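Here's the structure we're looking at; comments come further down.
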Amino acid sequence: MRIEIHDDFNLRKIVESGQCFRACLVKDDLYRFATRNNVVYMRETEKGIFSVSCGFEEWQSTWVKYFDLNRNYRNIFEEEYGKHPFVDKAMNAGRGLRILWQDPWKY
Numbered sequence: 009m010r011i012e013i014h015d016d017f018n019l020r021k022i023v024e025s026g027q028c029f030r031a032c033l034v035k036d037d038l039y040r041f042a043t044r045n046n047v048v049y050m051r052e053t054e055k056g057i058f059s060v061s062c063g064f065e066e067w068q069s070t071w072v073k074y075f076d077l078n079r080n081y082r083n084i085f086e087e088e089y090g091k092h093p094f095v096d097k098a099m100n101a102g103r104g105l106r107i108l109w110q111d112p113w114k115y
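Residue numbers for the sequence shown, in our numbering: 9 to 115.
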């Protein structure tokens, strides 16, 4: 399935952030994420366009919440940027990260 994400979203940064242990780079630019009994493989095919290995229902019921896609991180960045130089540096470095909604206990 093909999905569009019109927000800050960087697969590499999410995997390398250390906030999840079951996500990984499988090969080249293909990433795997797992939560509960769900696994999705994702690849960015164009800017903001992703190929995902699950169907629409699973994407909506599991992965939209997991990647916190109902929150617009780009808007937060634009609203907060320029208020403090140190925070601006941190926001630039972390741009594309998402706060993952994981289960408190790993399966």
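For every residue, glycine included, the Cβ atom is placed at its ideal position computed from N, Cα and C.
Just so it is clear, the structure is predicted and the values come from calculations on it, not from any experiment.
The region 62 to 79 touching the region 88 to 100, judged by at least three CB pairs closer than 8 Å
They do not touch, by the three-pair rule.
How far does the beta strand (DSSP E) with F41 in it reach, from first residue to last?
Working through the sequence shown from its first residue, we reach residue 41 at position 33. Where F41 is concerned, the enclosing beta strand (DSSP E) stretches over 38 to 43.
Along the chain, where does the alpha helix (DSSP H) that runs through I11 open and close?
Within the sequence shown, numbered from 1, the residue matching residue 11 stands at position 3. Looking at the DSSP string, I11 is not in any alpha helix (DSSP H); the run it does join, the beta strand (DSSP E), is 10 to 12.
In the DSSP assignment, what are the bridge partners of E52?
In the sequence shown, the residue the question calls residue 52 occupies position 44. Paired residues: F58.
With a Cβ-Cβ cutoff of 7 Å, do A31 and F41 count as a contact?
Sequence index remark: in the sequence shown, residue 31 carries index 23 (1-based). Sequence index remark: in the sequence shown, residue 41 carries index 33 (1-based). Cβ atoms of A31 and F41: closer than 7 Å.
Assuming F85 and R103 form a contact by the criterion Cβ under 8 Å, report the distance between their Cβ atoms to the nearest whole angstrom.
Within the sequence shown, the letter at position 77 stands for residue 85. Within the sequence shown, the letter at position 95 stands for residue 103. Rounded, the Cβ-Cβ distance is 7 Å, consistent with contact.
Three-state class that DSSP yields for Y83 in the structure shown:
By one-based count along the sequence shown, residue 83 stands at place 75. Checking the sequence, you will find Asn at residue 83 rather than Tyr. Reduced to three states, the DSSP call for N83 is helix.
Counting C-beta neighbours from all protein chains within 10 Å, is the total for T53 16 or more, i.e. buried, or is it exposed?
Position 45 of the sequence shown, counting from 1, holds the residue named residue 53. Exposed, because fewer than 16 other Cβ atoms sit within 10 Å of the Cβ of T53.
Per DSSP, which one or two residues make a beta bridge with K35?
On the sequence shown, residue 35 is found 27 positions in, with the first residue counted as 1. Its beta-bridge partners are L38.
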